[in-house]
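In my numbering, the protein residues as written are 49 to 176.
All C-beta atoms, glycine included, are put in the ideal place defined by N, C-alpha and C.
Notes to accompany the following structure.
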Amino acid sequence: MPRRGGAKKAKRTEPPPLDLARRIVGLAEDKKAADIVLLDLSPLTTLADYFVICSGGSERQLDAIADGIVSALRDDKIRPYGREGTPASHWVLLDFGSVVVHIFTPPERDYYGLEKHWAEAKTILQVQ
49 MPRRGGAKKA KRTEPPPLDL ARRIVGLAED KKAADIVLLD LSPLTTLADY FVICSGGSER
109 QLDAIADGIV SALRDDKIRP YGREGTPASH WVLLDFGSVV VHIFTPPERD YYGLEKHWAE
169 AKTILQVQ
């Protein structure tokens, strides 16, 4: 006879948002991402607590940065809620809930101007 209630789903556990954001910055650095910025959006919106914004010089590098972040965090049982865009679109977005990662080619990053749009956000970290 089957058990009532079925199997319990494992609860998703994540590090504190700032720790996760800093880890993502380090993983992006490992894949040679350029001009990495960590913005604190928590006082401004409920969209996310932090944005990590970085650049890659080619479609291949965008893919390597995104895959490197996802793969390393998967080892820690942390998975993105969503992944949008493709390297061919020159913008890849990884949604980790409290942390959203934007990986651009430099022209797309300039065009969309997220840092200008969120100019009121505090810059926690900037890595050239």
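Item to check | Residue burial classification, S106 (beta-carbon count within 10 angstroms, cutoff 16) | outcome: Answer is exposed; the Cβ neighbour count stays below 16.
Checklist entry - Which one or two residues does DSSP pair with E132 in a beta bridge? => result L141.
Checklist entry - Tell me the DSSP bridge mates of I101? => result BP columns for I101 point to V85, H150.
Item to check | Where the alpha helix (DSSP H) containing I117 begins and where it ends | outcome: In the DSSP assignment, I117 falls within the unbroken alpha helix (DSSP H) covering 107-123.
Checklist entry - Going along the chain, which residues of its own chain have a beta-carbon closer than 6 angstroms to the beta-carbon of V140, five neighbours each way excluded? => result If we look at V140 and ignore the five residues flanking it on each side, its Cβ neighbours are L110, A114, G133, I151.
Item to check | 7 angstroms CB neighbourhood of A136 in its chain, flanking five on each side removed | outcome: So the list reads E107, once near-sequence residues are dropped.
Checklist entry - So I84 packs on V175, CB below 8 angstroms; how close in whole Å? => result In this structure I84 is in contact with V175, their Cβ atoms being roughly 4 angstroms apart against a cut-off of 8 angstroms.
Checklist entry - Buried or exposed: D158, going by 16 or more other Cβ atoms within 10 Å of its Cβ? => result Residue environment for D158: exposed (fewer than 16 other C-beta atoms within 10 angstroms of its C-beta).
Next on the checklist: I'd like to know whether the C-beta atoms of V73 and L142 end up nearer to each other than 8 angstroms.
Outcome noted: Their beta carbons are not under 8 angstroms apart, which means V73 does not touch L142 by this criterion.
Item to check | Backbone secondary structure at I172 - three-state DSSP | outcome: I172 sits in a strand when the DSSP states are folded into three classes.
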